[in-house]
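Here is the structure we will look at, set down as C-alpha cells.
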Amino acid sequence: MANSLREHFTISRELEYFTEAELTKQIGCSKDKWAITLVKEMVDNALDACESIGVEPHIKIVIDSDSISVQDNGPGIPENVITGSLIYSSTISDKRGYVSPSRGQQGNALKCLYAVPYVANGEQAQIEIQAHKTRYFYRISANKISQSIDIIPDVQKGDFVENGSFFKIHNFDLACLNSQFSQKNRISTKQEFISLIWKFSLCNPHTKFELIFDGDVITYPATSPQQKWTLKDALVSHWYSQEQFCDLISHNINIKPDMSVNEFVKMFNGLKTSAKQKEVSDKAGLNSRDGLKQFVIDNNGKQDIDKDKALNLLMAMNQLSVPVKPEKLGLLNKDHLKKMLNGDDEYSRVYEHKQSKSKPDYKGLPYTIDVVFQGLDDDSEERYSNYILCVNHTVLIDGRAYLRFGNSLYSITEGTHISYNNPVRLLVHITCPYIDFKDKGKNDIYLNESLFSDVKEKVALACKAWTKLQKNKTREQRASWKQEEREVKEQEREAKRQYIYQTKAIKLIAEDAYTKAAGDINIAAFRQVYYAARPKMLQLTGKTELDDNYFRKLLRKFMKDNPD
Numbered sequence: 016m017a018n019s020l021r022e023h024f025t026i027s028r029e030l031e032y033f034t035e036a037e038l039t040k041q042i043g044c045s046k047d048k049w050a051i052t053l054v055k056e057m058v059d060n061a062l063d064a065c066e067s068i069g070v071e072p073h074i075k076i077v078i079d080s081d082s083i084s085v086q087d088n089g090p091g092i093p094e095n096v097i098t099g100s101l102i103y104s105s106t107i108s109d110k111r112g113y114v115s116p117s118r119g120q121q122g123n124a125l126k127c128l129y130a131v132p133y134v135a136n137g138e139q140a141q142i143e144i145q146a147h148k149t150r151y152f153y154r155i156s157a158n159k160i161s162q163s164i165d166i167i168p169d170v171q172k173g174d175f176v177e178n179g180s181f182f183k184i185h186n187f188d189l190a191c192l193n194s195q196f197s198q199k200n201r202i203s204t205k206q207e208f209i210s211l212i213w214k215f216s217l218c219n220p221h222t223k224f225e226l227i228f229d230g231d232v233i234t235y236p237a238t239s240p241q242q243k244w245t246l247k248d249a250l251v252s253h254w255y256s257q258e259q260f261c262d263l264i265s266h267n268i269n270i271k272p273d274m275s276v277n278e279f280v281k282m283f284n285g286l287k288t289s290a291k292q293k294e295v296s297d298k299a300g301l302n303s304r305d306g307l308k309q310f311v312i313d314n315n316g317k318q319d320i321d322k323d324k325a326l327n328l329l330m331a332m333n334q335l336s337v338p339v340k341p342e343k344l345g346l347l348n349k350d351h352l353k354k355m356l357n358g359d360d361e362y363s364r365v366y367e368h369k370q371s372k373s374k375p376d377y378k379g380l381p382y383t384i385d386v387v388f389q390g391l392d393d394d395s396e397e398r399y400s401n402y403i404l405c406v407n408h409t410v411l412i413d414g415r416a417y418l419r420f421g422n423s424l425y426s427i428t429e430g431t432h433i434s435y436n437n438p439v440r441l442l443v444h445i446t447c448p449y450i451d452f453k454d455k456g457k458n459d460i461y462l463n464e465s466l467f468s469d470v471k472e473k474v475a476l477a478c479k480a481w482t483k484l485q486k487n488k489t490r491e492q493r494a495s496w497k498q499e500e501r502e503v504k505e506q507e508r509e510a511k512r513q514y515i516y517q518t519k520a521i522k523l524i525a526e527d528a529y530t531k532a533a534g535d536i537n538i539a540a541f542r543q544v545y546y547a548a549r550p551k552m553l554q555l556t557g558k559t560e561l562d563d564n565y566f567r568k569l570l571r572k573f574m575k576d577n578p579d
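The sequence shown begins at 16 in our numbering and counts up one residue at a time.
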C-alpha cells in the first residue's frame, strides 16, 4: 500500500487564542466588537475586585488613538494571577466553580487582552499591568513555527500603582479592528463606549466611573450604596446542586489537600461557628477534623468524589442554615435610576419601575427583577440604548433574554410592541446566583419557564401604557387604511358610473370625428377617422387604449344604422 502524501501535524492549543476564529468564540462577538467587550470584561473584574474588600469602586477608562487602559482602586491583582493568565493551557478565576451572583466566571479576560492586539494588527502585543508598586510590561507574539507563545517580560519595582490595578494595551488603535473604520465610525464608537459606561452606572450607583475618550471626559459619580451579594460574602449551600457541590469539593482538594471538613463548612453562610460545623458533620456522619480527602473514592482506577457522601454533607448544611432572602441580592436604587434616566426633567416623560423578588420554583434559587420603562421624546437621540439587559449588576452588550423551548426561542419583550426605533427605553435587570448564558460571550441568556414568566410579566406591566397606546394606534391605523380603501373603491365605482360603453360612445362622436378627419374635401380614410375619434372615445369610456379592429366594427355598424 502506498504511503500517504499527508503528514500528521501537531497543533499546539497555546495558539488557539491567537487566531481570529478562536478569539471570536472566546469573546463571543465579531472582531469590530472586541474592544468594547474587553473593556466591559475589565470593568467587571475591577468592580468585583473593589467589592471584594468593601471599598467604593472608582474605575477610570482611557481610550485614545493608540491605547486603551482601565484602572481601579481595588486590592490590586495578585502576581500569581498575572503569571497564571499567561499560561494558555489552563484558566484562572476567583469565580469559576462557585455558585454566586457574580458578573463572570470564564477566567479568560486577561488571556483575550493579550491576544487581541496581536490578532488585530498581526504584530507584537504590548501589555502593561501595574499593581502593588510593580510594573509588568509584556511583549507578546505567536511563534507559528515552534507552535508557542513568545513572551518578553519586563518587571520593575518602583513608584507605580500602590492601591488597585492598572491595565493598558499599548500601540493599539480601534481602527485595526475594522477595515472600514473612519472618523464617522470613531464618533459612533465613542457613543457606544459612553453608552456602555452609562449602563454600568445605572446598575452600580455605588461606583464612580470616569471615561476619557480622545481627551473628552465623561464622569458618572457614585450616588448611593448598593445592596448586593459580593465576593467577600460567604458561600450559600442552598444555591448548589449535588454536581456543583462535588466540583467545589474537588477544586478545594486540588489547591488545599489538607483542608478539613470544618474549614470547608466554615466558608458557608450561617455555618461559621465551631458548634454549627460540628453539628453539620455529625448530621452528615463525618469526622469534622478529618480532611476533605475522605470524599475521594476509587472509580474504576480513577479518583472521584463520593457523590452520596457529598450529598449527605450538602443536605446537612442546608438543614442547619437559613436560606438567603432574595433582597440580599440587591434590587436597584429607584432614586438613582430616576436621576440617571430622567435628569432634572423627570416628570415630563413616562416612567414605570416594577420590581419582583423570587418565587421558590426557579431551581430553588432566589432572584430579583427590576424592569424600568421610559418614554422618550419623539426626536430623542437616546434610542441607541432603547433595550438594556443587565445581569448581576453587569451590562450585557446587545444581550437578549429568552425562553428556550425545543427549537423555539421566546423573548421577554414579545407582545410589548417595542421595536428598535421606538422613542422608548426598557431596562431589565436580573440578579440570580446562576444564569444560563448562551455562549462564552455572556450576552444572550436563557431563562427557565418560571423566571421567564416572572420577568415577562414585569416587562408587560411596566410597558402596559405604551403597549395599549401602540395597540390603539395600530387599530386606528388599520381603520384608517380600511377607510382609505373604501374611499378608493367608491371613487373607482363612481368613475365607472361616469363612463359609457363603446357602442354608445360611437354614436356620440362618429359624425364629429368623420367631419374632423374629412375636412374641406369631405373624404376620410378609416385610419384618419380612428385617430380623430380616439381621444373622445377614451375619455367617454374610461379606457386607456382603443382597439382599432373593434373600432372598425363599431364604425361599420354605425354607418349601416345611419346610411345618410
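Note that beta-carbon positions come from the ideal geometry of N, C-alpha and C, so glycine has one too.
- For Val280, the three-state secondary structure derived from DSSP is helix.
- Checking the DSSP bridge columns, you'll see Gly306 partnered with Ser275.
- Counting the other Cβ atoms within 10 Å of the Cβ of Gly534 gives fewer than 16, which makes it exposed.
- Around the Cβ of Gln334, a 10 Å sphere holds fewer than 16 other Cβ atoms; the residue is exposed.
- Taking C-alpha positions only, Lys372 is separated from Val406 by approximately 15 Å.
- Residue nearest to Ala124 within the set Ile403, Ser203, Val58, Arg501 is Val58 (criterion: CA-CA distance).
- Contact between Trp244 and Lys343 holds: CB atoms are separated by about 6 Å, below the 8 Å threshold.
- By the beta-carbon neighbour count (other beta carbons within 10 angstroms, threshold 16), Thr34 is exposed.
- Shown here, His185 sits in a strand according to DSSP, grouped into three states.
- No Cβ-Cβ contact shorter than 7 Å links Phe215 with Val443.
- Out of Leu192, Thr238, Lys55, Lys271, the CA that lies nearest to the CA of Ile209 is found in Lys55.
- When secondary structure is reduced to three states using DSSP, Glu138 falls in the coil class, being assigned neither helix nor strand.
- Nearest C-alpha to Ala146 among Tyr153, Pro116, Gln86: Gln86.
- Of the residues Arg493, Lys558, Ile538, the one whose Cα lies closest to the Cα of Glu507 is Lys558.
- Thr446 counts as buried, since no fewer than 16 other beta carbons sit within 10 angstroms of its beta carbon.
- Excluding sequence positions up to five before and after Lys568, its CB lies less than 6 Å from no other CB in the same chain.
- Looking at the backbone, the Cα of Leu352 and that of Glu29 are separated by about 44 Å.
- One thing to note: Asn219 has its Cβ no nearer than 7 Å to the Cβ of His73.
- When beta bridges are read from the DSSP output, Gln145 appears opposite Arg150, Phe181.
- Boundaries of the beta strand (DSSP E) around Gly390: 383-390.
- Residues of the same chain with a CB within less than 8 Å of the CB of Phe283, apart from the 5 flanking positions on each side, are Ala249, Leu250, Val251, Ser252, Met332, Ser336 in chain order.
- If you check the CB distance, Tyr153 and Ile142 come in under 7 Å.
- The shortest CA-to-CA distance from Asn458 to any of Gly414, Leu441, Lys473 is the one to Gly414.
- Here Phe467 is not bridged, per DSSP, to any residue.
- CA-CA distance, Phe452 to Ile460, rounds to 4 Å.
- By the neighbour-count criterion, in which a residue is buried when 16 or more other Cβ atoms sit within 10 angstroms of its Cβ, Ser434 is exposed.
- For the set Cys261, Gln554, Val77, Tyr514, the Cα lying nearest the Cα of Leu329 is the one of Cys261.
- Runs of the alpha helix (DSSP H) lying entirely within the stretch 527-570, each at least 4 residues long, are 541-556 in chain order.
- The alpha-carbon of Val339 is positioned some 8 Å away from that of Pro381.
- Between Leu263 and Ser67, the CB-CB gap reaches or exceeds 7 Å.
- Straight across, the Cα-Cα distance linking Val474 with Tyr103 is about 42 Å.
- Taking the Cα positions, Gln543 is about 6 Å away from Ala532.
- In this structure, Gln485 is the residue among Leu346, Gly89, Gln485, Gln370 with its C-alpha nearest to the C-alpha of Thr431.
- By the C-beta density criterion, Met574 is exposed, having fewer than 16 other C-beta atoms within 10 angstroms.
- Ala548 sits buried, since 16 or more C-beta atoms from the chains shown fall within 10 Å of its C-beta.
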